[in-house]
Amino acid sequence: EDQVTQSPEALRLQEGESSSLNCSYTVSGLRGLFWYRQDPGKGPEFLFTLYSAGEEKEKERLKATLTKKESFLHITAPKPEDSATYLCAVQPFGQAGTALIFGKGTTLSVSS
Amino acid sequence: DVKVTQSSRYLVKRTGEKVFLECVQDMDHENMFWYRQDPGLGLRLIYFSYDVKMKEKGDIPEGYSVSREKKERFSLILESASTNQTSMYLCASSPGGTGNTIYFGEGSWLTVV
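Respectively, the protein sequence lines represent chains Y and F.
The first sequence begins at 1 in this note's numbering and counts up one residue at a time.
The second sequence begins at 113 in this note's numbering and counts up one residue at a time.
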């Protein structure tokens with residue numbers, strides 16, 4: 001069964017304290033891995049798509065990496081405005097309609 | 113920018129009522145989706161559509177139906193609302209083909225009393 005597991009469930013950081021969020025996945029074949037940011041009461045906002053092991057993408061203080069079994073979202077020198085829930089999702093081969101399978105998310109809190 | 117608009121942000125309905133959640137996208141996307149999001153359970157796929165008048169069941173279709181009469185509009189219907197359908201409902205869309213980004217709306221908070 002295809003599934004996505006994110007860890008930790010919650011993470012508290014001080015401003016400037018770098019860390020990483022983990023997304024491990026089990027799929028029959030990976031078409032793509034997606035990272036989203038979700039603020040309270042809002043819909044998920046797209047961050048990155050990764051397609052193959054070894055691929056990396058960056059946006060401001062965020063960097064996403066991908067291996068054959070997991071993805072990491074590295075947060076460098078975070079600021080309070082980075083506080084949000086970060087969702088990881090996979091699109092397996094054979095998934096009709098290109099729907100995504102989501103993990104339960106990591107809730108990040110950054111304090112000043 | 114891609115825009116996915118959900119017509120109602122907050123709704124309160126009574127048990128047994130028929131409920132319509134409307135979603136419109138403005139990017140001519142082929143694929144549209146309805147998810148629900150619950151604490152501790154994450155996002156779960158209810159239905160998706162890859163073309164006008166086409167629909168496929170997701171992981172939790174029971175108690176729901178959908179309608180897609182026009183490409184830009186995808187409606188979620190709760191035929192007889194129940195309290196266990198109290199949730200946040202998220203509509204999304206993506207271009208045709210595979211590996212494309214899925215864009216979400218702001219969500220509709222439904223409370224069934």
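Don't be surprised by glycine CBs; every beta carbon is placed ideally from N, CA and C.
Quantities reported herein were computed from a predicted structural model and do not represent experimental measurements.
- The count of Cβ pairs closer than 8 angstroms, one atom from the region 174-193 of chain F and one from the region 208-219 of chain F, stays below three, leaving the stretches out of contact.
- Sequence-distant partners of Y/LYS59 (beyond 5 residues in either direction) whose C-beta falls short of 8 angstroms from its own C-beta, in its chain, are LEU47 and PHE48.
- Using a CB distance below 7 angstroms, the part of the region 184-216 of chain F facing chain Y consists of LEU202, SER206, THR210, GLY211, ASN212, THR213, ILE214, TYR215 and PHE216, ordered along the chain.
- Within its own chain, the residues whose Cβ lies closer than 6 angstroms to the Cβ of F/ASP171, once the five positions on either side in sequence are excluded, are ARG156 and LEU157, listed in chain order.
- Judged by DSSP in its simplified three-state form, Y/GLU9 adopts coil rather than helix or strand.
- For the C-beta of Y/THR49, the chain F residues within less than 8 angstroms are, from N- to C-terminus, GLY211 and THR213.
- In the three-state reduction of the DSSP assignment, Y/THR107 falls in the strand class, which pools E and B.
- Here Y/LEU108 is buried, its C-beta having at least 16 other C-beta atoms within 10 Å.
- Put simply, the CB of F/LEU157 is near chain Y, with a gap under 7 angstroms to one of its CB atoms.
- CA-to-CA, the gap between F/SER199 and Y/CYS88 works out to about 20 angstroms.
- Judged by DSSP in its simplified three-state form, F/THR223 adopts strand.
- Between Y/PHE72 and Y/SER7, the C-beta spacing is not below 7 angstroms.
- A residue is called buried once 16 or more other Cβ atoms fall within 10 Å of its Cβ, and F/VAL178 is buried on that count.
- Under a criterion of Cβ atoms nearer than 7 angstroms, the residues of chain F adjacent to Y/LEU100 are, in order, ILE214.
- Relative to the Cα of Y/LYS69, the nearest Cα in the group Y/GLY41, Y/PRO78, Y/LEU50 and Y/THR85 belongs to Y/LEU50.
- Y/TYR25 and Y/LYS63 have their C-alpha atoms some 18 angstroms from each other.
- By the C-beta density criterion, Y/GLN14 is exposed, having fewer than 16 other C-beta atoms within 10 angstroms.
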